[in-house]
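Notes follow once the structure below has been shown.
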Amino acid sequence: MSRLTLRLPETLHRQLETLAQTEETSLNQFIVYALTRQVTLAYTIQPLSDRAIAEQKASFTTLLQDLGQASFAEIEQVMAAREKAEPEDGLTPEVIQAITSRIVAQRHEATHKPNQRIRA
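This is how it looks when you write it as structure tokens:
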């Protein structure tokens, strides 16, 4: 376990001590518990209302329309200029191969239909 020193306002310190006493636990245990709860909340999935979901979908649709479409040549130009990165842990060779195959298929279609545009 690691050690952390904090400077707390006196009123907060007293409130924490009172709450720890109420829970019949040490101040240290209470603070660890409170921090754990707070951190856990950050990783908890919060359900969205139907209205919020509809708003997100509408925003996404608007974004796609604003972005427009790109030709395969434009996509290849951007892809060639991008910074190379290591694959993520879950990105297996099989997944990479499947994605590569889809890109090759799209490239093949684009060369046979030169005016085809790919949705960005």
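First residue of the sequence shown? That's 9 in our numbering, and the numbers climb one at a time after it. Where a beta carbon is used, it is the ideal one built from N, C-alpha and C, also for glycine. Only a predicted model underlies this, so the values are computations on that prediction, with no experimental measurement involved.
Requested in this report: Counting only the same chain and skipping the five closest in sequence on each side, list residues whose C-beta sits under 7 Å from that of F68.
Outcome: none
Margin query: When you compare the CB positions of E84 and R45, do they come within less than 9 Å of one another, or not?
Written below: no
* Asked: DSSP three-state call for A78: helix, strand or coil?
  -> strand
Delimiting residues of the alpha helix (DSSP H) encompassing Q23: E18 to T30
Can you grab the Cα-Cα spacing for the pair K65 / A88, in whole Å?
31 Å
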